[in-house]
Amino acid sequence: MTEKTHENRIAVVTGAAQGIGREVAIRLAARGAKVALADLKKPVETASLIGDTAIAIEADVSSESGWQHLAQVVERDLGEVDIVVNNAGIYPKIEIDELDLDAWRRTFAVNLDAHYFSAKQFIPGMRRKKWGRFVNFSSNSIGIAITGLSHYMAAKMGVIGFVRGLANDVAADGITVNAILPALTNTPGTSGVPDEFKKSVWQQQAIKRFAEPADIAGPVLFLTSDDAAFVTGEALVVDGGQYKIS
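Numbering (full-length UniProt numbering), first residue to last: 1 to 246.
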């Protein structure tokens, strides 16, 4: 029997249509949370897997208006938000010679600006409750050598800086803010990655297999629970031992 560690909590999960976001949402619901599922297209399939404790919302997390719409729907249909999991992200592989300003700004808008917008929308309510959890997705790519991702790495390093700064600002109100740095994970978004590259990644890991969404969801459940009340401003690497901190 699954322990109801998140009972009566209301969570927002972005990028919930598939992959890590879907797994996180399903597990939060299994632990008792009501979950708002957000994606560019309404994630109705994920909602159907969860049942009547989930709502599916179409939202562009790269825009302030997208977050305003998301917050209005969640607060109307579920209530005031306790947990935000900023999982949505894009990772276009573009060498610096081909990287234009639009691609740079789009990468930052989805991977970093969205985290700022979520904080602005939901921190006031969390402050009223004196409880809140943010888990913002960065990437272990910031610590390894991969070409064509300078824009992505810059945004994901920005996530860590924002997490550490925001954690200081809201700690007195019972709100924690942490980052997850996952490995290359077995999701629809990575289905096109060549097998030889996947194998080269696994060889750098202590645990020599593909990360599965469930491997990433477990740490998210911990960071969004009461058990993690004294954990904030942290960047948790979840990559099977690939990224070695020097």
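Don't be surprised by glycine CBs; every beta carbon is placed ideally from N, CA and C.
Does DSSP put residue i in a helix, in a strand, or in coil?
i	result
Ser246	In this predicted model, Ser246 has a pLDDT of only 48, less than 50, meaning its place in the structure is not dependable; the value taken from the coordinates is given anyway. The answer is coil: DSSP assigns Ser246 none of H, G, I, E or B.
Val84	strand
Leu221	helix
Thr107	helix
Thr14	strand
Leu181	strand
Gly125	helix
Thr5	coil
Asn186	coil
Arg133	strand
Val24	helix
Ile146	coil
Ala47	helix
Ile96	helix
Ile175	strand
Ala229	coil
Given that a residue counts as buried once 16 or more other Cβ atoms are within 10 Å of its Cβ, and exposed if not, what is residue i?
i	result
Leu28	buried
Ser138	buried
Lys120	exposed
Ser62	buried
Ser118	buried
Ala16	buried
Ile207	exposed
Leu70	buried
Phe122	buried
Ala167	buried
Asp97	exposed
Ser141	buried
Lys34	buried
Ile160	buried
Leu101	exposed
Gly192	exposed
Phe197	exposed
Grab the span of the beta strand (DSSP E) containing residue i for me, first residue to last.
i	result
Leu37	34-39
Asp233	At residue 233 the sequence reads Gly, which differs from the Asp that was named. Gly233 -> no beta strand (DSSP E), and no H or E assigned at all.
Ile57	54-58
Could you pull out every residue in the same chain whose Cβ sits closer than 8 angstroms to the Cβ of residue i, ignoring the five residues on either side in sequence?
i	result
Thr5	Arg31, Gly32, Leu221, Ser225, Asp226, Asp227
Lys41	Ala17, Glu58
Phe230	none
Asp201	A small correction: the amino acid at residue 201 is Val; Asp does not occupy that position in the sequence shown. Excluding residues within five positions, the ones whose Cβ falls inside 8 angstroms are Ala183, Leu184, Gln242.
Lys108	Correcting the residue type first, residue 108 is Phe in the shown sequence and not Lys. Taken in chain order, the residues that qualify are His151, Ala154, Ala155, Gly158.
Arg209	Trp202, Gly240
Taking the alpha helix (DSSP H) that residue i belongs to, which residues open and close that run?
i	result
Gly66	64-77
Arg164	150-170
Val201	195-204
Output needed for residue i: all residues of its chain with C-beta closer than 7 angstroms, excluding positions within five of it in sequence on either side, in chain order.
i	result
Gly148	Lys93, Ile94, Glu95
Lys130	Asp173, Gly174
Val110	Val61, Ser62, Ala88, Gly89, Ile90
Quick one: is the Cβ of residue i within less than 7 angstroms of any heavy atom of the ligand ADP?
i	result
Lys208	The model on display carries no ligand, and the ligand ADP is accordingly not part of it.
So with Cβ pairs under 8 angstroms, would you call residue i a contact of chain C?
i	result
Asp113	As a matter of chain content, chain C is missing from the structure shown, which is built from one protein chain.
Would residue i and residue j be called neighbours here (beta carbons separated by less than 8 angstroms)?
i	j	result
Asn178	Thr232	yes
Thr46	Arg22	yes
Val85	Val13	yes
Ile20	Ala235	no
Gly125	Val81	yes
Val237	Leu181	yes
Leu37	Ala56	yes
Could you pull out every residue in the same chain whose Cβ sits closer than 6 angstroms to the Cβ of residue i, ignoring the five residues on either side in sequence?
i	result
Arg164	Gly233
Ile83	Arg9, Ala11, Arg133, Thr224
Glu64	Phe117
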